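First comes the structure, then the notes that go with it.
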Amino acid sequence: MTDVIFTRTRTKPVELPQGEDAVRSGKKWPALPVFLYLLFIALPFMFDLGSLSMTFLRLILIVMIIPLYIRLALGKYGAINLVDVLFFLYIVWAGVCLQINNPDRAVEFLGSNALDFLGGYMLTRAYIRNREDYIAFQRMLIVIVVCTVPFAIFEAITATAPITEMINKIPGFKSHPDFWNIINEKRMGIMRTQVIFQHPIHYGLFCSTVFSLAYVGTKGIYSDTKRLLICCAIGLGVVLAVSSAPLLGIAFQCGLIVWAMIFRDVPRKWLILTTLFVVCYIVVDLLSNRTPIKVLISYLTFSAHSGYWRVLIFEWGVVNVMDNPIFGIGLNDWVRPPWMHDDSVDNFWLLNAMRYGFPGLILVSVPYFYALFRVGLRNFDGDEELWNLRRGWVISFAGMTFALCTVHIWETVYSFTFLLFGAGMWMMTAKPKGSVDKPLRDTSEYHRTSAQQVETHRAEYGYSRHSGNKAPDKPAHDRASETPFARKNLQKTTRKRR
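Take the sequence shown: its letter number 330 is residue 330 in full-length UniProt numbering, and every next letter is one higher.
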């Protein structure tokens, strides 16, 4: 008689569809709140709500932000991570600094700033939870950018932004003011285009952030020809903005993509690249009478005048930070020579340190870089699609990081930047295709098997204790009867067979 004992088996994981199959079998468009958000980036409607100038973007975020945070606290969007906590503390600290420096303006400015920053981040943090959500989001974003390029060409020729002009003609609505009515400026003989944003720099940044998503993130989803055509259209949009910051961002992305292609078989290529950057920094510091940061800022502009002006902004900005290291200067005017008439600070990171001190800079930069490194160091080997999605997102923000050193962002593009940032948070816990987590307790159904099959099963999972010339253990059916529970089951089975 063959002894029978009870064992458990693992169920085979369900494989997710990849590439074009993933798009066809999954979502073609992102969740409705994300869809509406992206739609109203392309259609920048504005209206007056009492004394407030409101946009449909902010209206969406006002409705969504509190429920999203409640559901985040309840664990509906996965575990709360370090980025969630530090971003929230950043807004709290900004409120403290504004209350100290500008109590009369604190509520209004902090409300709009928190809505743009936390609202944009939480929207995609909540609604993009897997690769299908992300691919749908990425797809719609690429479509919007490509569709804006013909309007950019028209604006470059006629100095008229057709989308904002049409919205301004609709009763009860308005849009961004015409850039050409404020600053009639050409660069390199090209009229700068704002298209759907407040400033040409913002349109250029909007296009440049999508470049690596389109080229790297869609590999295996779109054909190579389609990817190249999309990237050419995006590059044209960046060029028509005629701004150094977006061009810097897209050039840096191209450099990283080329580096990855050339050294694709080198396992530590990113460590090598980082080492080269450090060496270059040291060499410039030794050979130049200026700091490497000042050298970088001075050369990353279209003109020597702009470069010199940005170096002055950096120098005096640092002076303000060192004079107010904890609570910053808030929204107060910053100290500078009287002949520096322009109060703008073309550096996102520096302006945060000036307004909210070193704590504010730490609370916004640490989670930013933590997420990039956390996602970038994940092991996605064996899952090419997830690997490409990750690389496209990381390279996009690597370019954005350098661009933000030479420009400040606000309102729509500020919110969009952290919307795109939140869209990558799911990769911090994403499971590559084919990976199986070993459960703490198997809940699969029991089935009967012979003692010989059990012994083979145990050996496959490393439970065999045979080693060298040592005599083999007792047979499985003898070992199975060593516990009271097992003996009881065997006795019941024997009685049933009799």
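Glycine included, C-beta positions come from ideal geometry on N, C-alpha and C. Note that the structure is a prediction, hence the values are computed from the model and not measured.
Kindly indicate if chain B contains any beta-carbon less than 8 Å away from that of L32.
In the structure shown, chain B does not exist; there is a single protein chain.
Helix or strand or just coil, what does DSSP make of F45?
Numbered from its first residue, the sequence shown carries residue 45 at position 45. Of the three classes helix, strand and coil, the one that applies to F45 here is coil, per DSSP.
If you follow the beta strand (DSSP E) that T55 is in, where does it begin and where does it stop?
The sequence position of residue 55 within the sequence shown is 55, counting from 1. Start and end: L52 to T55.
Below 8 Å on the Cβ atoms is my contact criterion, and I expect L82 with P337 to pass it. Report the Cβ-Cβ distance as a whole number of Å.
The count along the sequence shown starts at 1 and reaches residue 82 at position 82. The count along the sequence shown starts at 1 and reaches residue 337 at position 337. In fact, because the Cβ distance is near 41 Å, the residues do not count as touching under 8 Å.
Please determine if the stretch 93 to 109 and the stretch 391 to 403 are in contact, where contact requires at least 3 C-beta pairs separated by less than 8 Å.
No: the two stretches stay apart, fewer than three of their Cβ pairs being nearer than 8 Å.
Do N347 and V364 have their beta-carbon atoms positioned less than 8 Å apart in this structure?
In the sequence shown, counting from the first residue as 1, residue 364 sits at position 364. In the sequence shown, counting from the first residue as 1, residue 347 sits at position 347. For V364 and N347, no; Cβs fall outside 8 Å.
4 or more residues per run - each alpha helix (DSSP H) lying fully within the stretch 306 to 390:
348 to 376
Strictly by DSSP, which residues pair up with G78?
Position 78 of the sequence shown, counting from 1, holds the residue named residue 78. G78 is bridged to K76.
If you measure between the beta carbons of V413 and V394, is that distance less than 8 Å?
Counted from its first residue, the sequence shown places residue 413 at position 413. Counted from its first residue, the sequence shown places residue 394 at position 394. No, they are not a contact pair.
From the DSSP output, which residues share a beta bridge with Y222?
For the purposes of this step, residue 222 is taken as residue 222 along the sequence shown, with counting starting at 1. According to DSSP, Y222 bridges with K219.
Measure the Cβ-Cβ separation of W93 and G360 and say whether it is below 8 Å.
Along the sequence shown, one-based indexing puts residue 93 at 93. Along the sequence shown, one-based indexing puts residue 360 at 360. In contact: W93 and G360 (Cβ atoms closer than 8 Å).
Smallest Cα separation from W387: which of W410, L420 and K431?
For this step, residue 387 is matched to residue 387 along the sequence shown. Minimum Cα distance to W387 is reached at K431.
At what residues does the alpha helix (DSSP H) containing V146 begin and finish?
Locating residue 146 in the sequence shown gives position 146, where the first residue counts as 1. R131 to T158 is the extent of the alpha helix (DSSP H) around V146.
Could you pull the start and end residues of the alpha helix (DSSP H) that G249 belongs to?
Mapped onto the sequence shown, residue 249 falls at position 249. S244 to I262 is the span of the alpha helix (DSSP H), which, as asked, contains G249.
Three-state class that DSSP yields for L229 in the structure shown:
Position 229 of the sequence shown, counting from 1, holds the residue named residue 229. Here L229 sits in helix by DSSP.
Segment contact, 8 Å Cβ cut-off, at least three pairs: the stretch 203 to 211 with the stretch 123 to 137
no
In terms of residue numbering, what span does the alpha helix (DSSP H) encompassing F416 cover?
Start at 1 with the first residue of the sequence shown, and residue 416 comes out as number 416. E411 to G422 is the span of the alpha helix (DSSP H), which, as asked, contains F416.
Please report the straight-line C-alpha distance between Y370 and F87, rounded to a whole angstrom.
Numbered from its first residue, the sequence shown carries residue 370 at position 370. Numbered from its first residue, the sequence shown carries residue 87 at position 87. Distance between the alpha carbons of Y370 and F87 is about 12 Å.
State yes or no: is the C-beta of T429 within less than 8 Å of the C-beta of G75?
Against the sequence shown, residue 429 aligns to sequence position 429. Against the sequence shown, residue 75 aligns to sequence position 75. Result no, Cβ atoms of T429 and G75 do not sit closer than 8 Å.
Same chain, Cβ closer than 7 Å to I250, five either side skipped, listed in chain order
The count along the sequence shown starts at 1 and reaches residue 250 at position 250. S208, F211, G235, V238 and G399.
E385 to L123 span [Cα, whole Å]:
Residue 385 sits at position 385 when you count from the first residue of the sequence shown. Residue 123 sits at position 123 when you count from the first residue of the sequence shown. The straight-line gap from Cα to Cα measures roughly 24 Å.
Can you tell me which residues form a DSSP beta bridge with K174?
For this step, residue 174 is matched to residue 174 along the sequence shown. According to DSSP, which records beta bridges pairwise, K174 is partnered with M46.
Alpha carbon of V266 to alpha carbon of L49, nearest angstrom
Taking the sequence shown and counting its residues from 1, the one referred to as residue 266 is at position 266. Taking the sequence shown and counting its residues from 1, the one referred to as residue 49 is at position 49. Counting only the Cα atoms, L49 lies some 57 Å from V266.
Are V319 and V335 touching if we call contact CB-CB under 8 Å?
Residue mapping note: residue 319 aligns to position 319 of the sequence shown, counting from 1. Residue mapping note: residue 335 aligns to position 335 of the sequence shown, counting from 1. For V319 and V335, yes; Cβs fall inside 8 Å.
Beta-carbon proximity list for L59, same chain, < 6 Å, skipping 5 on both sides:
Reading the sequence shown from its first residue, position 59 is the one you call residue 59. Result list for L59: empty, nothing under 6 Å.
Within 8 Å, strictly: CB atoms of D116 and E411:
Numbered from its first residue, the sequence shown carries residue 116 at position 116. Numbered from its first residue, the sequence shown carries residue 411 at position 411. Yes, Cβ-Cβ distance for D116 and E411 is below 8 Å.
What did DSSP end up calling T291 once you bin it into helix, strand or coil?
Here the question's residue 291 lines up with position 291 in the sequence shown. Coil at T291, not helix or strand.
Using only the alpha-carbon positions, how far apart do I190 and P150 sit?
Numbered from 1 along the sequence shown, position 190 holds the residue referred to as residue 190. Numbered from 1 along the sequence shown, position 150 holds the residue referred to as residue 150. The alpha-carbon atoms of I190 and P150 are separated by roughly 15 Å.
Is the beta carbon of G392 sitting closer than 8 Å to the one on N102?
For the purposes of this step, residue 392 is taken as the residue at position 392 of the sequence shown. For the purposes of this step, residue 102 is taken as the residue at position 102 of the sequence shown. Against a cut-off of 8 Å, the Cβ pair of N102 and G392 comes out as no contact.
Determine the closest residue to G119 out of I135, P67, Q138 and C97, with distance taken between C-alpha atoms.
One-based indexing of the sequence shown puts residue 119 at position 119. Selected option, being the one with the closest Cα: P67.
Hey, is the stretch 134 to 147 in contact with the stretch 30 to 40, meaning 3+ C-beta pairs nearer than 8 Å?
Counting Cβ pairs under 8 Å, three or more are found: they touch.
How would you write the range of the alpha helix (DSSP H) that M428 sits in, first residue to last?
Translated into the one-based positions of the sequence shown, residue 428 becomes position 428. Unbroken run through M428: none, as it is neither H nor E.
Sort C254, I170, T406 and W270 by Cα distance to Y311 and report the nearest one.
On the sequence shown, position 311 is the one that residue 311 refers to. Note that residue 311 is Val in the sequence shown here, rather than Tyr. Among C254, I170, T406 and W270, the Cα nearest to that of V311 is on T406.
Cβ neighbours of L389 in the same chain (closer than 8 Å, five flanking residues each side left out)
Against the sequence shown, residue 389 aligns to sequence position 389. Correct list, in chain order: R131, Y134, I135, Q138, G217 and M427.
Alpha carbon to alpha carbon, how far is L72 from N379? Give it in angstroms, no decimals.
Reading the sequence shown from its first residue, position 379 is the one you call residue 379. Reading the sequence shown from its first residue, position 72 is the one you call residue 72. Distance between the alpha carbons of N379 and L72 is about 26 Å.
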